[in-house]
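Chains as they are written, first to last, in this note's numbering: chain A, 1 to 294; chain B, 1 to 374.
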């Protein structure tokens, strides 16, 4: 019985972590779907969202949760548009690799600027639920984790609907598949791309807001970007459901490998699986095989 | 008229030169100002800023002002060596205060020995003073002191089943070995040992493994951010275990970050801002007024180090003959610092061998006991 409770607790932890990685992976996929590049600063966007929400709006200005969340989303949307103007637009005709390099630079810049702006102490905010949780049969679940899971499911549904049913979503997919052809069809590709960055940054902002109460906000928070990246590779690039499944796989692998193999090498194990996928199944669990390279 | 103005200007200039003209005595310092452990560097800088003020308000040393030059080690050996080279060869410092990372101290220790520069280390690894470098002194609790004090205190409470949860960096690995050695002194061994990496955010897997081993005491050896998150997760997953943390958990900032979940946690530290000692209180109040937060252990240890080094320069009567300054520094006995600890350098270079047992009660770090190791 005690053992069962422990295994259940492990599953809960794996799913909770996994949904967080899945959320980050959604942000990656959005930009990937629209412009065919991987925004390697996605984790730093999450960190920045967390800082704006926790450090500035909550602690400094004392705003309650909902206004702080909305303002963070707005601020990050603007930030997304500005950053695409700086890191993507000037390089729009260069190889995608160049754009990815410039997103790495943006990430480094954001980490350092946040150190200056918000200082070295991790920002800790209680969020809606603080450290309270449910306790059922020896298994404890933070309310915040349930909240994160619900948010991820909602965002997943919204995103599916958006890409399949709306004109803007379809234009985004068209721009991703062939920018020139899309432009010839009368799509304002650069406007679409700007909106993509805005939305992806907003997703990152929500990630930061949701994560702040459980992980605190510090420069280290940006590391969730790596796990989100692994989730994308495992789930399949560009596939929205795949991103979430990939996230859950990464979360569960992390918790179970730490429990039964080695807690020190849990990250190494996740990344070994990532490399395995890149070699043997680069299209991921749900992705379709393509000839294109990144 | 013009002549009068000129005369006044000349006089003002002369007066300024007399006051500031003397070449300052440079004291070097380092800590991580950027990077993963930048909190410690910030605490150090704040302590040093106040020390510089106080030394110069008391007339400086040898009729010259003191300038404390703080460099960024980034918490990395490579960064530390770059910073030490700059301090030694460019700024010609009498001594270097820091770094707070043992790995950085070990990386710059050969340079200090070669160039004959005093190193007032803030790393806690035992090897720092065991390397036989005469230029190294340590103004911080050393790991065997902290680990022995914790285990002795826990054994006195009647606990026999210990789990160890440590960071995998050099600090944590050293701590793990010291804890196992300390347990062995009481004829005990840990029921389980688990580890985590710096920057980890979720500790469920390790804490569940610890729960399986069913310990009475969980000794955690890690840094502030991780401590805060581990406290939160322990309160969810193994609420009944008695938590003994390392120094960082008793820090004001860690208590805030733990959001109430570190209540009842025990730890060892040479400092608590609640120490009723008047010197400690005056400093803590002044620090809070100036920086808006309570001083932490590194703040006061860096402050005290700078004050002692300045005193050693005064007693030596020179800032150029570093041998003489070092000899005077090592002669300091019973120096009362703003940390609440009395410093007396021993032949190995340790500044103190006593430490407080601290309990977090009602969200503040309360001193409940003091352990002295002979």
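Built from N, CA and C at the ideal position, the CB exists for glycine as well. Bear in mind the structure is a predicted one, so any value in this text is a computation, not a measurement.
Residue j beta carbon less than 8 Å from that of residue i
i	j	result
residue 211(A)	residue 22(A)	no
residue 229(B)	residue 6(A)	no
residue 205(B)	residue 10(A)	yes
residue 100(B)	residue 123(B)	yes
residue 232(B)	residue 213(B)	no
residue 109(B)	residue 133(B)	yes
residue 220(B)	residue 165(B)	yes
residue 421(B)	residue 94(B)	Given that chain B is displayed from residue 1 to residue 374, the structure contains no residue 421(B) and the question cannot be resolved.
residue 76(B)	residue 104(B)	yes
residue 289(B)	residue 252(B)	no
residue 68(B)	residue 29(B)	yes
residue 163(B)	residue 144(B)	no
residue 87(A)	residue 106(A)	yes
residue 195(B)	residue 263(A)	yes
residue 376(B)	residue 116(B)	Chain B is shown from 1 up to 374; residue 376(B) falls before or after that span and cannot be answered.
residue 192(A)	residue 34(A)	yes
residue 244(B)	residue 234(B)	no
residue 138(B)	residue 350(B)	yes
residue 236(B)	residue 19(A)	no
residue 27(B)	residue 66(B)	yes
residue 104(A)	residue 40(A)	yes
residue 35(B)	residue 98(B)	no
Sequence-distant residues of the same chain with beta carbon closer than 7 Å to residue i, five excluded per side
i	result
residue 308(B)	329, 332, 335, 343
residue 341(B)	270, 352, 354
residue 122(A)	216, 217, 218
residue 199(A)	30
residue 37(A)	31, 96, 99, 100
residue 183(A)	189
residue 137(A)	5
residue 338(B)	279, 280, 283, 300, 303, 304
Partner residues on chain A for residue i, Cβ-Cβ distance less than 9 Å
i	result
residue 42(B)	119, 120, 121
residue 260(B)	130, 131
6 Å CB neighbourhood of residue i in its chain, flanking five on each side removed
i	result
residue 147(B)	178, 179, 182
residue 14(A)	251, 252, 255
residue 119(B)	96, 112, 135, 136
residue 16(B)	A caution first: residue 16(B) carries a pLDDT of 49, below 50, which makes its placement in the model too unreliable to give a value.
residue 52(A)	72, 75
residue 45(A)	201, 204
residue 244(A)	22, 156
Chain A contact residues for residue i, given Cβ-Cβ distances below 7 Å
i	result
residue 376(B)	What is shown of chain B runs 1 to 374, which leaves residue 376(B) out entirely.
residue 39(B)	120, 121
residue 232(B)	131
residue 253(B)	121
residue 168(B)	264
Neighbourhood of residue i by C-beta distance below 8 Å, restricted to the same chain and skipping five residues each side
i	result
residue 370(B)	354, 355, 356, 357
residue 274(B)	364, 365, 366, 367
residue 141(B)	124, 247, 268, 269, 270, 352, 355
Partners in chain B for residue i, counting only beta-carbon separations shorter than 8 Å
i	result
residue 263(A)	194, 195, 196, 205, 206, 209
residue 255(A)	202, 204, 205
residue 278(A)	Neighbours of residue 278(A) on chain B: none; closest Cβ ~23 Å, over 8 Å.
residue 267(A)	197
Under 9 Å by beta carbon: chain B residues contacting residue i
i	result
residue 223(A)	199, 201
residue 10(A)	204, 205, 208
residue 6(A)	208, 209, 211, 212
residue 17(A)	201, 202, 204
Contact list for residue i against chain A, beta-carbon separation under 8 Å
i	result
residue 236(B)	131, 133, 140, 142
residue 34(B)	112, 115
residue 225(B)	122, 216, 218, 220
residue 228(B)	122, 124, 216
The ligand ZN heavy atom lying under 7 Å from the CB of residue i
i	result
residue 355(B)	Within the structure as shown, the ligand ZN is missing, as the structure has no ligands at all.
Contact set between residue i and chain B, taken where Cβ atoms lie within less than 7 Å
i	result
residue 259(A)	205, 208, 209
Length-filtered (4 minimum) alpha helix (DSSP H) runs lying within the region 11-84 of chain B: 38-57
For the region 271-278 of chain B and the region 308-322 of chain B, state whether three or more C-beta atom pairs, one from each stretch, are separated by less than 8 Å. no
Just to confirm the assignment: which complete alpha helix (DSSP H) runs, minimum length 4, are found wholly within the region 141-224 of chain A? 143-165, 167-177, 179-184, 189-215
Please determine if the region 36-53 of chain B and the region 295-305 of chain B are in contact, where contact requires at least 3 C-beta pairs separated by less than 8 Å. yes
Inter-stretch contact at 8 Å, needing at least 3 Cβ pairs: the region 66-79 of chain A / the region 146-163 of chain A: no
Is there contact here, the region 190-207 of chain A with the region 21-39 of chain A, by at least three beta-carbon pairs under 8 Å? yes
Whole alpha helix (DSSP H) elements within the region 36-102 of chain A, 4-residue minimum: 42-50, 65-83
Segment contact flag, the region 52-66 of chain A with the region 239-248 of chain A, C-beta cutoff 8 Å, min 3 pairs: no
What beta strand (DSSP E) runs, 3 residues minimum, are completely inside the region 300-366 of chain B? 354-361
With a threshold of 8 Å, are at least 3 pairs of Cβ atoms found where one atom belongs to the region 225-232 of chain A and the other to the region 164-171 of chain A? no
Could you tell me which whole beta strand (DSSP E) segments of length 3 or greater appear in the region 233-287 of chain B? 242-245, 266-269
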